[in-house]
Amino acid sequence: QKEVEQNSGPLSVPEGAIASLNCTYSDRGSQSFFWYRQYSGKSPELIMFIYSNGDKEDGRFTAQLNKASQYVSLLIRDSQPSDSATYLCAVGPSGGSYIPTFGRGTSLIVHP
Amino acid sequence: SQTIHQWPATLVQPVGSPLSLECTVEGTSNPNLYWYRQAAGRGLQLLFYSVGIGQISSEVPQNLSASRPQDRQFILSSKKLLLSDSGFYLCAWNRVNQPQHFGDGTRLSIL
Chain S
206 QKEVEQNSGP
216 LSVPEGAIAS
226 LNCTYSDRGS
236 QSFFWYRQYS
246 GKSPELIMFI
256 YSNGDKEDGR
266 FTAQLNKASQ
276 YVSLLIRDSQ
286 PSDSATYLCA
296 VGPSGGSYIP
306 TFGRGTSLIV
316 HP
Chain Y
8 SQTIHQWPAT
18 LVQPVGSPLS
28 LECTVEGTSN
38 PNLYWYRQAA
48 GRGLQLLFYS
58 VGIGQISSEV
68 PQNLSASRPQ
78 DRQFILSSKK
88 LLLSDSGFYL
98 CAWNRVNQPQ
108 HFGDGTRLSI
118 L
């Protein structure tokens, strides 16, 4: 059974701080990793994705992969109250499957 | 660019009534299509997925069914809704090894 684990939170950070979100995965063969943001009552929105060949930075967001320890992280710099949401980590499959495995999400609260 | 449409946005149905939720994708061909359900405060539960017209795989045995009558159309149905069918239903699409993209979702309440 492939698993993706996330701390449910809430993770509370002050405005302007760096928010660090992590998830661990069990499938050592996974090659693709996705981060989604989900506001309350809305559908998940893709914000970052990386492959096993390296980290990625996009504006205030950085996604990092540690393959040896099997965890992926999302850093949000200069956190804003509008970043308050649930962040879902998804890990792409290995082998013949094509269905990603989702974590349950981490709730982030950025307080002014 | 690709877009995914899902409707209706909200639905209130009595127990025992039928259900039909529709999802369409534009701007791509032969997408992988998915139906998820998300209960309040819970994670995403994969219900069905499809890799082509008429090809449906079920992840969870229940009173729901799915169909894919056209390449970019995915339908979720039920003949008789249960109280436990309440939730937020999400349609998604992707290509192999690419991220999934979600529709706006349907919030279903069963009375």
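Sequence lines, in order, name chains S and Y.
Counted from 1, the first sequence has number 301 at position 96 by the numbering used here; the numbering is strictly sequential.
Counted from 1, the second sequence has number 36 at position 29 by the numbering used here; the numbering is strictly sequential.
A virtual CB, placed ideally from N, CA and C, is assigned to each residue, including glycine.
Contact check, D92(Y) vs L118(Y), beta carbons under 8 Å: Along the second sequence, read from residue 1 onward, the residue named residue 92(Y) stands at position 85. Along the second sequence, read from residue 1 onward, the residue named residue 118(Y) stands at position 111. No, these two residues do not count as a Cβ contact at 8 Å.
As assigned by DSSP and simplified to three states, the class of L293(S): Along the first sequence, one-based indexing puts residue 293(S) at 88. Residue state, collapsed to three classes: strand.
Contact the stretch 11 to 28 of chain Y vs the stretch 273 to 280 of chain S: 3+ CB pairs below 8 Å: Touching, no.
Enclosing beta strand (DSSP E) for Y96(Y) [first to last residue]: Mapped onto the second sequence, residue 96(Y) falls at position 89. Element bounds for Y96(Y): 94 to 101.
L89(Y): first and last residue of the uninterrupted beta strand (DSSP E) it sits in: On the second sequence, residue 89(Y) is found 82 positions in, with the first residue counted as 1. From DSSP, L89(Y) is part of no beta strand (DSSP E); its letter is neither H nor E.
Under 7 Å by beta carbon: chain S residues contacting V103(Y): Indexing the second sequence from 1 puts residue 103(Y) at position 96. Chain S residues near V103(Y): Y303.
Cβ-Cβ separation, S312(S) to P215(S) (assumed contact under 8 Å), whole Å: Counting from 1 along the first sequence, the entry for residue 215(S) is found at position 10. Counting from 1 along the first sequence, the entry for residue 312(S) is found at position 107. Indeed, because the Cβ distance is near 4 Å, the residues count as touching under 8 Å.
Buried or exposed (CB count within 10 angstroms, at least 16 for buried), I252(S): What you label residue 252(S) is simply residue 47 of the first sequence in a count that begins at 1. Flag for I252(S) reads buried.
Neighbour flag for P106(Y) against chain S, beta carbons, 8 Å: Residue mapping note: residue 106(Y) aligns to position 99 of the second sequence, counting from 1. P106(Y) belongs to the set of residues whose beta carbon lies under 8 Å from a beta carbon in chain S.
Proximity test, Cβ basis, 8 Å: G50(Y) and chain S: Start at 1 with the first residue of the second sequence, and residue 50(Y) comes out as number 43. Interface residue, yes.
E33(Y) vs R102(Y) beta-carbon contact at 8 Å: Mapped onto the second sequence, residue 33(Y) falls at position 26. Mapped onto the second sequence, residue 102(Y) falls at position 95. No.
Exposed unless 16 or more other CB atoms sit within 10 angstroms - verdict on Y256(S): Residue 256(S) sits at position 51 when you count from the first residue of the first sequence. By the neighbour-count definition (other C-beta atoms within 10 Å, threshold 16), Y256(S) is an exposed residue.
8 Å Cβ cutoff, R233(S) in contact with chain Y: Within the first sequence, numbered from 1, the residue matching residue 233(S) stands at position 28. Not an interface residue.
Within chain Y, the residues that S237(S) reaches when beta carbons sit closer than 9 Å: Counting from one through the first sequence, the residue named residue 237(S) turns up at place 32. Near S237(S) (Cβ distances below 9 Å), the residues of chain Y are N104, Q105, P106.
Counterpart residues of A268(S) in DSSP-defined beta bridges: Walking along the first sequence from the start, residue 268(S) turns up at place 63. By DSSP's assignment, A268(S) forms a beta bridge with K261(S), L279(S).
Chain-ordered neighbours of L251(S) on chain Y, where CB pairs are closer than 9 Å: As a working mapping, residue 251(S) is identified with position 46 in the first sequence. Those are P106, Q107, H108, F109, listed as they occur along chain Y.
Three-state secondary structure assigned by DSSP to P317(S): On the first sequence, position 112 is the one that residue 317(S) refers to. Looking at P317(S) - three-state DSSP - the assignment turns out to be coil, as it is neither helix nor strand.
Distance CB(S237(S))-CB(F254(S)) smaller than 8 Å: By one-based count along the first sequence, residue 237(S) stands at place 32. By one-based count along the first sequence, residue 254(S) stands at place 49. Taking C-beta atoms as the reference points, S237(S) and F254(S) count as a pair closer than 8 Å.
Beta-carbon contacts of G234(S) that lie in its chain and below 7 Å, excluding the five residues immediately before and after: One-based indexing of the first sequence puts residue 234(S) at position 29. Same-chain partners within the cutoff: S299, G300.
Reduced DSSP secondary structure (H/G/I, E/B, other) of S231(S): Looking up residue 231(S) in the first sequence gives position 26. Here S231(S) sits in coil by DSSP.
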